[in-house]
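Participant: Taken in order, these protein sequences are the chains called U and R. Each residue of the first sequence is one higher than the last, beginning at 7 in the numbering used here. Each residue of the second sequence is one higher than the last, beginning at 310 in the numbering used here. Encoded as structure tokens, here's the structure I'll be asking about.
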Amino acid sequence: MTTHMERFEGTGDYVATDDLKVAVNAAVRLRRPLLVKGEPGTGKTVLAHEIARATGYPLIEWTVKSTTKAQQGLYDYDAVARLRDGQLGDPRVNDIANYIRRGKLWEAFERDTPAVLLIDEIDKADIDFPNDLLQELDRMEFHVYETGRTVRATQRPIVVITSNNEKELPDAFLRRCFFHYIRFPDRATMQAIVDVHFPGIQTTLVSRALDLFYEVREVPGIKKKPSTSELLDWLRLLLHEDLPLEVLQQRDPAKAIPPLHGALLKNEQDVMLFERLAFMARRHAPRP
Amino acid sequence: MFLAFLDSLRAAGIPASLKEHLLLLEALDAAVIDRSPEQFYYLSRAIYVKDEALLDRFDQVFAAVFRGALPAEGVAPAELPEEWLRALAQRHLTPEQRAAIESLGSWDEIMRALRERLAEQHARHQGGSKWIGTGGTSPFGNAGYNPEGVRIGGESTHGRAIKVWEQRAFRDLDSSRALGTRNIKLALRRLRRFARQGAAVELDMDATVDGTARQGWLDVRLRPARRNAIKLLLFLDVGGSMDPFVTACEELFSAATSEFRDLEFFYFHNCVYEGVWKDNRRRFEARTSTLELLHTYGRDYKLLFVGDAAMSPYEITHPGGSVEHHNDEPGAAWLRRLTEAYPAAAWLNPAPAAHWGYSASTALVRDLLNGRMFPLTLDGIDAATRELARQR
Numbered sequence: 007m008t009t010h011m012e013r014f015e016g017t018g019d020y021v022a023t024d025d026l027k028v029a030v031n032a033a034v035r036l037r038r039p040l041l042v043k044g045e046p047g048t049g050k051t052v053l054a055h056e057i058a059r060a061t062g063y064p065l066i067e068w069t070v071k072s073t074t075k076a077q078q079g080l081y082d083y084d085a086v087a088r089l090r091d092g093q094l095g096d097p098r099v100n101d102i103a104n105y106i107r108r109g110k111l112w113e114a115f116e117r118d119t120p121a122v123l124l125i126d127e128i129d130k131a132d133i134d135f136p137n138d139l140l141q142e143l144d145r146m147e148f149h150v151y152e153t154g155r156t157v158r159a160t161q162r163p164i165v166v167i168t169s170n171n172e173k174e175l176p177d178a179f180l181r182r183c184f185f186h187y188i189r190f191p192d193r194a195t196m197q198a199i200v201d202v203h204f205p206g207i208q209t210t211l212v213s214r215a216l217d218l219f220y221e222v223r224e225v226p227g228i229k230k231k232p233s234t235s236e237l238l239d240w241l242r243l244l245l246h247e248d249l250p251l252e253v254l255q256q257r258d259p260a261k262a263i264p265p266l267h268g269a270l271l272k273n274e275q276d277v278m279l280f281e282r283l284a285f286m287a288r289r290h291a292p293r294p
Numbered sequence: 310m311f312l313a314f315l316d317s318l319r320a321a322g323i324p325a326s327l328k329e330h331l332l333l334l335e336a337l338d339a340a341v342i343d344r345s346p347e348q349f350y351y352l353s354r355a356i357y358v359k360d361e362a363l364l365d366r367f368d369q370v371f372a373a374v375f376r377g378a379l380p381a382e383g384v385a386p387a388e389l390p391e392e393w394l395r396a397l398a399q400r401h402l403t404p405e406q407r408a409a410i411e412s413l414g415s416w417d418e419i420m421r422a423l424r425e426r427l428a429e430q431h432a433r434h435q436g437g438s439k440w441i442g443t444g445g446t447s448p449f450g451n452a453g454y455n456p457e458g459v460r461i462g463g464e465s466t467h468g469r470a471i472k473v474w475e476q477r478a479f480r481d482l483d484s485s486r487a488l489g490t491r492n493i494k495l496a497l498r499r500l501r502r503f504a505r506q507g508a509a510v511e512l513d514m515d516a517t518v519d520g521t522a523r524q525g526w527l528d529v530r531l532r533p534a535r536r537n538a539i540k541l542l543l544f545l546d547v548g549g550s551m552d553p554f555v556t557a558c559e560e561l562f563s564a565a566t567s568e569f570r571d572l573e574f575f576y577f578h579n580c581v582y583e584g585v586w587k588d589n590r591r592r593f594e595a596r597t598s599t600l601e602l603l604h605t606y607g608r609d610y611k612l613l614f615v616g617d618a619a620m621s622p623y624e625i626t627h628p629g630g631s632v633e634h635h636n637d638e639p640g641a642a643w644l645r646r647l648t649e650a651y652p653a654a655a656w657l658n659p660a661p662a663a664h665w666g667y668s669a670s671t672a673l674v675r676d677l678l679n680g681r682m683f684p685l686t687l688d689g690i691d692a693a694t695r696e697l698a699r700q701r
């Protein structure tokens with residue numbers, strides 16, 4: 007067993023809250039899957055990368071799509087290739103194992119060192135998908151029918167599963183997981199996140215940008231609230247453009263649209279909402 | 310160990326089972342956490358709660374079960390430091406209010422009173438529902454210091470009088486699920502009947518294997534892709550009493566248009582009469598005759614009305630009852646014609662189901678649809694799609 011495993015305390019690039027640390031450490035220690043939910047852009051996928059970095063284990067990513075089948079994570083049997091080889095008289099055709107392609111789960115199970123397995127956006131797949139992985143994740147083994155072989159995990163991988171809540175997950179599946187909901191960071195945490203990403207950035211700029219950012223999130227009727235990743239993109243743009251600080255500092259309501267808003271507002275309705283607000287502010291502003 | 314906790318969780322409707330409980334014991338045994346109440350709270354939360362909507366309920370149960378059992382952190386309310394109270398009052402009272410308070414007595418007296426009030430509140434604070442906000446007569450109450458009360462501790466640098474779980478940070482998430490486009494789409498997905506129609510573009514594996522075995526050479530067979538074959542006729546009530554429900558209807562509409570390929574929609578006002586329209590700006594010029602519509606779309610279309618069915622009963626029962634124009638036939642006749650032409654029909658009503666009984670027209674419409682009226686909530690949409698999907 008891996009005794010050198012230290013506690014997950016966040017990394018140089020990732021700010022972890024106390025509750026997140028507890029959930030991650032419990033999942034790592036007991037080797038149960040960790041299910042992570044939260045608003046898009048709050049760092050669910052990044053978490054797996056950071057756990058891999060902190061533990062030093064390799065990361066195996068399995069990104070789930072609506073067409074993904076649970077079986078593909080275990081293995082694929084390429085019948086068409088075998089058929090073709092059979093017609094061409096290839097000798098490989100006699101061994102069915104030549105046509106079994108390993109999936110991500112197999113890859114994660116058959117390693118000498120443990121791995122971090124990320125099952126990204128599990129809710130994208132069909133409703134039965136999590137149920138089909140129940141036994142495999144619980145016992146960390148599965149059976150290959152074509153060859154009659156059982157693949158068993160030599161080192162149980164650390165499994166991180168992310169979900170965007172598009173579908174409910176089955177109870178039986180949930181019972182086996184640790185759960186963590188990444189809340190939208192409060193101002194202090196957000197400040198810490200920004201500091202980690204942009205060390206040495208002007209504090210006034212950040213503070214003003216954060217004000218604007220939280221104001222944008224508070225605007226009633228906004229369809230897609232900007233999240234952490236969007237804030238970071240926006241700051242990167244602001245730094246790159248080297249805008250004068252005054253642009254952020256002006257409190258003129260007539261300019262309700264923040265500079266370089268394309269990074270924050272991803273929806274034309276939201277941009278229109280802001281333009282309308284700016285227009286109204288201009289109309290109601292006292293004449294100079 | 311902690312069995313009472315498990316019982317309380319289950320009693321509060323959190324679906325925790327023995328499986329989770331054993332996992333908690335296993336985690337405690339493995340010393341995953343150091344023995345601090347906060348860490349224990351985080352750990353048990355990660356194990357028992359699998360749905361963010363239940364987090365707030367968990368916080369409440371946790372607070373109720375472990376009250377008194379866990380050592381109090383920070384300062385007891387009776388020992389609130391003076392400057393803290395002062396800061397609190399300054400943060401939440403305007404200068405005028407402060408002047409008004411000061412006129413009641415010396416600043417010190419007021420502070421003492423506020424301190425007593427806080428102590429009292431803490432003592433009476435049971436079940437975490439709310440701190441008294443009823444102090445309409447008290448200068449502090451009407452100054453409206455944070456009604457959640459909890460921030461009093463949270464923002465202070467003097468330690469925490471309030472524990473993490475008592476902050477109830479997840480309160481916002483605990484509501485019956487919001488009616489987002491995404492959720493509606495999922496509910497509408499029940500309304501699927503897959504059929505293979507159109508050009509053969511998809512590889513039919515089984516037929517190919519079968520054909521190849523028969524022929525002796527690679528025989529590739531193709532078939533048309535599987536598509537949702539459900540056809541939907543959507544009738545939307547606009548204007549007047551429907552204005553408060555615009556957002557919900559917008560969401561339903563956007564979900565429906567992306568979910569169904571064969572979707573036809575029409576607007577009506579209050580009740581369907583001889584004409585409906587597709588463009589609200591040109592509702593009087595560009596109308597579609599309802600009769601023509603009946604002849605255009607086949608019986609296999611499913612009929613879905615969205616409207617609050619709140620109107621004068623005459624608009625349904627009498628010729629000439631419409632508020633907008635003179636109708637030769639009562640609305641009931643048109644509704645009957647539509648439901649006869651399309652056996653699969655349902656009505657979604659954005660008004661809360663509890664209010665339906667107060668409107669005579671709602672009862673009339675419901676009767677005309679043989680009771681197939683459902684509230685415009687996730688459960689309602691679910692029930693309506695079930696009704697529409699029934700094989701006839």
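A virtual CB, placed ideally from N, CA and C, is assigned to each residue, including glycine. Being a predicted model, the structure only gives us computed values, none of them experimental.
Do the segment 639-652 of chain R and the segment 594-607 of chain R meet, that is, are 3 or more Cβ pairs less than 8 Å apart?
Facilitator: Cβ pair count under 8 Å is three or more, so yes.
Participant: Mind checking which residues open and close the alpha helix (DSSP H) that includes R/G520?
Facilitator: 514-524
Participant: Under 6 Å Cβ to Cβ from U/L41, same chain only, skipping five residues before and after it: list those, please.
Facilitator: I167, C183, F185
Participant: In whole angstroms, what is the alpha-carbon distance linking U/P136 and U/T73?
Facilitator: U/P136 and U/T73 have their C-alpha atoms roughly 14 Å apart.
Participant: Could you round the C-beta distance between U/E147 and U/T153 to whole angstroms and report it? I think they count as a contact, below 8 Å.
Facilitator: Their Cβ separation, rounded to whole angstroms, is 15 Å, which puts U/E147 and U/T153 out of contact at 8 Å.
Participant: Three or more C-beta pairs under 8 Å: does that hold for the segment 630-647 of chain R against the segment 568-581 of chain R?
Facilitator: Yes, the segment 630-647 of chain R is in contact with the segment 568-581 of chain R.
Participant: Taking C-alpha atoms, which residue in U/K229, U/K71, U/D96, U/R223 lies nearest to U/D307?
Facilitator: The question about residue 307 of chain U has no answer, for chain U in this structure spans 7 to 294.
Participant: Could you tell me which chain U residues have their CB closer than 8 Å to the CB of R/A336, listed as they occur along the chain?
Facilitator: A32, R35, L36
Participant: Let's test the definition: count the other Cβ atoms within 10 Å of the Cβ of U/E15 and tell me whether it reaches 16, buried, or not, exposed.
Facilitator: exposed
Participant: Beta-carbon separation of R/L658 and R/M682 under 8 Å?
Facilitator: In the sequence on display, residue 658 of chain R carries Asn and not Leu. R/M682 sits close to R/N658, with the two beta carbons spaced by under 8 Å.
Participant: Does R/Y623 have its Cβ less than 8 Å from a Cβ in chain U?
Facilitator: no
Participant: Quick one: what's got a C-beta closer than 6 Å to U/R366's C-beta in the same chain, skipping five residues either side?
Facilitator: Chain U is shown from 7 up to 294; residue 366 of chain U falls before or after that span and cannot be answered.
Participant: Taking 8 Å as the threshold (C-beta atoms), are R/L677 and R/L644 in contact?
Facilitator: yes
Participant: Any beta-carbon of chain U closer than 8 Å to the one on R/I690?
Facilitator: Contacts with chain U at 8 Å (Cβ-Cβ) do not include R/I690.
Participant: Quick one, which of U/L270, U/A54, U/L124, U/I125 has its alpha-carbon nearest U/Y20's?
Facilitator: U/A54
Participant: Any chance you could list the alpha helix (DSSP H) runs of at least 4 consecutive residues sitting entirely within the segment 334-373 of chain R, in chain order?
Facilitator: 346-357
Participant: Less than 8 Å separating the beta-carbons of U/T273 and U/K230?
Facilitator: The residue asked about is misnamed: residue 273 of chain U is Asn in this sequence, not Thr. Taking 8 Å as the Cβ cut-off, U/N273 and U/K230 qualify as a contacting pair.
Participant: For R/R376, which three-state DSSP category applies?
Facilitator: coil
Participant: List the residues of chain R whose Cβ lies closer than 7 Å to the Cβ of U/V28, in chain order.
Facilitator: I342, Q348, Y351, L352, A355
Participant: Of all the CB atoms in chain R, is at least one closer than 8 Å to the CB of U/V277?
Facilitator: no
Participant: Could you pull out every unbroken beta strand (DSSP E) segment of at least 3 residues lying fully inside the segment 604-683 of chain R, listed in chain order?
Facilitator: 610-615, 654-658
Participant: Any beta carbon of chain U sitting closer than 8 Å to that of R/E361?
Facilitator: yes
Participant: Please report the residue range of the alpha helix (DSSP H) in which U/G79 lies.
Facilitator: 76-80
Participant: Out of curiosity, what's the CA-to-CA distance linking R/L363 and R/R592?
Facilitator: 46 Å
Participant: Flag this pair as yes or no: are the beta carbons of U/E236 and U/A284 separated by less than 8 Å?
Facilitator: no
Participant: If you draw a straight line from the C-alpha of R/G689 to the C-alpha of U/T160, how long is it?
Facilitator: 49 Å
Participant: Might you give, ordered along the chain, the residues of its own chain that have their beta carbon closer than 8 Å to the beta carbon of R/L497, omitting 5 neighbours on each side?
Facilitator: These residues qualify, in order along the chain: A564, A565, E568, F569, I690, T694.
Participant: Return yes when the Cβ of U/T69 is within less than 8 Å of the Cβ of U/E127, no when it is not.
Facilitator: yes
Participant: Report buried or exposed for R/A387, applying the criterion of at least 16 other Cβ atoms within 10 angstroms of its Cβ.
Facilitator: Because the pLDDT of R/A387 is 42, which lies under 50, any placement of that residue in the model is unreliable, and the question is left without a value.
Participant: Just checking: is the beta-carbon of U/Y151 within a distance shorter than 8 Å of some beta-carbon in chain R?
Facilitator: no
Participant: Counting only C-beta atoms, is U/Q161 closer than 8 Å to chain R at any point?
Facilitator: Chain R contact via Cβ: absent.
Participant: Pull up the distance between the alpha-carbon of R/A373 and that of R/H330, whole angstroms please.
Facilitator: Cα to Cα, the separation comes out at about 18 Å.
Participant: Please report whether the beta-carbon of U/Q141 lies at a distance below 8 Å from any beta-carbon of chain R.
Facilitator: Chain R, which has no Cβ nearer than 8 Å to the Cβ of U/Q141, makes this no.
Participant: For R/E298, which residues in chain U fall below 8 Å Cβ to Cβ?
Facilitator: Residue coverage of chain R in this structure runs from 310 to 701, which leaves residue 298 of chain R outside it and unanswerable.
Participant: For the candidate residues R/Y610, R/L315, R/A339, R/G630, whose alpha-carbon lies nearest to that of R/R354?
Facilitator: R/L315
Participant: Give the DSSP-derived three-state secondary structure of R/A508 in the structure shown.
Facilitator: strand
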